[in-house]
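Here's the structure we're looking at; comments come further down.
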Amino acid sequence: MKIAIVGLGYVGLPLSLQFARSGVTVLGLDIDPAKIVSLNAGKSYIKHIESAALVEQVKAGKFSASADFSRVQEVEAVIICVPTPLNKNREPDISFITETGKSLAPHLQKGTLVVLESTTYPGTTDEDLRCVLEAGSGLKAGADFHLAFSPEREDPAHPASKVANIPKVVGGFTPACLARATALYGRAIKTIVPVSSCRVAEATKLLENIFRSVNIALVNELKVVYAAMGIDVWEVIAAAKTKPFGFMAFYPGPGLGGHCIPIDPFYLTWKAREFSQNTRFIELAGEINTAMPMHVVNRAAEALNARKKAVNGSRVLILGLAYKPNVDDERESPSYVLMNLLKERGADVAYFDPYVPVIRPTREHPQFAGLRSVNWDHSTVAGFDAVIIATNHQSVNYQQLADWSPCIVDARNAMAQVKTKPAQVWKA
Ligand SMILES: NC(=O)c1ccc[n+]([C@@H]2O[C@H](COP(=O)([O-])OP(=O)(O)OC[C@H]3O[C@@H](n4cnc5c(N)ncnc54)[C@H](O)[C@@H]3O)[C@@H](O)[C@H]2O)c1
């Protein structure tokens, strides 16, 4: 069996490797020529995906990458894993999906299965993508080609996040589409969870991400409320977590980051308006979570003030640029917001992140492109008036931080087990 996977990013690349390991020949399609060259040379550009795993499949002839979309004629199935961001008005931007559809459509053969994996609002697969594919190919979904949606559930760098072991929800445009998609994923993934439609599958992924966003907002709110009462929310969560049922621990932080949780819920908000529905939980969670970087900056100002220093003119180090521990993914990271807020207040800001040595040019934060992580040594770290822990990478030596920095603002409870001096650490 030969399939194509479109979009060789955090989702498409590990999925490609899992299919390749399962004996399926995978043609990876992407529009980024640099990625194609690197992947064909067996070089992974994602920290937690080892090049060795890629080399093995490239050498075995099970994986190759290309930018030539006409080659979908060679495959039985196409899986689409392209980005689904928000535009500058915070509305869904499904142009990556529709552009992919336009590139595929002229080459689509009768009998091909097309599956969308990108997180999106209900209706994207059976309305938007279907229309583009039908218009460009002259074929009919359900009759001439099969169409399905199956959400990606990857949690990069999470030990339990192994593509093969994560149950795969699948919804088809018709029962025959569902049967084809179930058979396809069954080759590479242990548990398949069929649902009645593409829309149910799309809505399932949104529920999962909204659930996280709302619960993170809840603990972020409680962090602020409990702190005012002199209660440490981290201790409270650790205690609540001992309940064997009916509680699931979520942790506060400096704000939401990454490609999913800050973005996906608003796909539903936008779509809900078409049905005269409001998504108040989503909006409220968004409001609370986006207020967190300012909360952290205010705590940093308090901490500096206690040392008779103003934010204006202070040297502040952001520890961790990635949006979560132990990954190199800094998309939508709240660290960028912290750096902006601090700069606006006149601070001299730098960052340290062992996994992000230099900031790549991005659409969202062009002003930081080219900025390099500072070195991790005594004189560098001690040269900052305050260090804000935005991401708790495990590889950072927090005891060294305590030994070197006079003032630490901790948004991740990273200093909990570390020997510190009185009034040195400010939880934020
Ligand atoms: N990263 C995650 O942990 C995660 C988890 C679950 C779901 N998702 C969802 O999966 C989807 C993909 O996310 P990702 O993190 O893999 O994104 P990514 O940015 O890492 O990768 C997307 C890839 O698609 C390529 N691409 C863009 N437009 C293209 C086009 N028209 N044709 C072919 N290739 C194109 C890009 O060059 C890139 O290599 C998104 O909808 C995201 O919300 C991501």
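Using this note's numbering, the first residue of the sequence shown is number 36, and each one after it goes up by one. Just so it is clear, CB atoms sit at the ideal spot from N, CA and C, and this is done for glycine as well.
Any non-hydrogen atom of ligand 1 within 6 Å of threonine 133 CB | Result no, Cβ not under 6 Å from ligand 1.
Neighbourhood of alanine 252 by C-beta distance below 6 Å, restricted to the same chain and skipping five residues each side = Ala320, Ile323 and Asn324
Just grab the DSSP bridge partners of glycine 207 for me.
-> Ala183
By how many angstroms is the C-alpha of isoleucine 115 removed from the C-alpha of proline 186?
-> 10 Å
Are the region 442-456 and the region 379-387 in contact at 8 Å, needing three or more beta carbon pairs?
-> No, because fewer than three Cβ pairs between the region 442-456 and the region 379-387 fall closer than 8 Å, the two stretches do not touch.
Excluding the five sequence neighbours on either side, which residues of its own chain have a C-beta within less than 6 Å of the C-beta of alanine 437, listed in chain order?
-> Val453 and Thr455
Would you report the Cα separation of asparagine 410 and arginine 398, rounded to the nearest angstrom?
-> Here the C-alpha atom of asparagine 410 lies approximately 26 Å from the C-alpha atom of arginine 398.
Flag proline 127 as yes when its Cβ comes closer than 6 Å to any non-hydrogen atom of ligand 1, and as no otherwise.
-> For ligand 1, not one heavy atom lies less than 6 Å from the Cβ of proline 127.
Buried or exposed (CB count within 10 angstroms, at least 16 for buried), cysteine 166 | exposed
Should cysteine 166 be counted as a contact of ligand 1 given a C-beta to heavy atom distance under 6 Å?
-> no
Going by DSSP, which residues form a beta bridge with arginine 350?
-> Asp383
Reference proline 328; option with closest CA among Leu151, Ile317, Ala341 and Leu291 = It is Leu291 whose Cα lies nearest to the Cα of proline 328.
Would you call the CB atoms of serine 172 and leucine 143 closer than 7 Å?
-> yes
Who are isoleucine 443's beta bridge partners in DSSP?
-> Val422 and Val460
Exposure label - leucine 242; buried when at least 16 CB within 10 Å = It counts as exposed.
For glycine 42, which residues of its own chain have a beta-carbon under 6 Å away from its beta-carbon, when the five flanking residues on both sides are left out?
-> Cys116 and Val117
Taking aspartate 128 as the reference, which of Tyr156, Thr277 and Phe285 has the closest Cα?
-> Tyr156
With distances taken Cα to Cα, identify the nearest neighbour of alanine 55 among Ile66, Ser73, Val90 and Asp67.
-> Val90
Near proline 392, what residues of its chain come up, given a Cβ to Cβ distance below 6 Å and the 5 sequence neighbours on each side ignored?
-> Ser408
Same chain only: Cβ atoms within 8 Å of glycine 293, ignoring 5 sequence neighbours per side | Counting only residues of its own chain and dropping the five nearest sequence neighbours on each side, glycine 293 has a CB closer than 8 Å to the CB of Tyr358, Lys359, Asp364, Arg366, Glu367 and Ser368.
Hey, is glycine 44 close to ligand 1, as in C-beta under 6 Å from one of its heavy atoms?
-> yes
Close-in-space but distant-in-sequence residues of the same chain around alanine 307 (CB under 6 Å, 5 per side omitted) | Thr314
Can you give me the Cβ contacts of valine 249 inside the same chain, cut-off strictly under 6 Å, excluding the 5 residues immediately before and after it?
-> Phe316 and Ala320
From what residue to what residue does the alpha helix (DSSP H) around alanine 262 run?
-> Looking at the DSSP string, the run of the alpha helix (DSSP H) that includes alanine 262 is 233-263.
Where does threonine 304 land, buried or exposed, given buried means 16+ other C-beta within 10 angstroms?
-> buried
Endpoints, the alpha helix (DSSP H) within which serine 311 is located | Note, serine 311: premise wrong, no alpha helix (DSSP H); not H, not E.
Assign valine 72 to one of three DSSP states: helix, strand, or coil.
-> Valine 72 sits in a helix when the DSSP states are folded into three classes.
With burial defined as no fewer than 16 other Cβ atoms inside 10 Å of the residue's Cβ, what is the status of valine 72: buried or exposed?
-> exposed
Regarding valine 41 and ligand 2, is the C-beta to nearest heavy atom distance less than 6 Å?
-> Of the ligands one can find in the structure shown, namely ligand 1, none is ligand 2.
Just to confirm, does threonine 154 get its C-beta within under 6 Å of one of the non-hydrogen atoms of ligand 1?
-> yes
Counting only the same chain and skipping the five closest in sequence on each side, list residues whose C-beta sits under 6 Å from that of isoleucine 272.
-> Ala284
Please work out which residues of its chain come closer than 8 Å, Cβ to Cβ, to lysine 137, disregarding the five sequence neighbours upstream and downstream, and give them in chain order.
-> Val167 and Gly171
Measure the beta-carbon distance from alanine 178 to histidine 83 and round it to whole angstroms, keeping in mind my assumption that it falls under 8 Å.
-> With 8 Å as the limit, alanine 178 and histidine 83 do not qualify as a contact, their Cβ atoms being about 41 Å apart.
Which residues mark the beginning and the end of the beta strand (DSSP E) in which phenylalanine 98 is found?
-> 98-101
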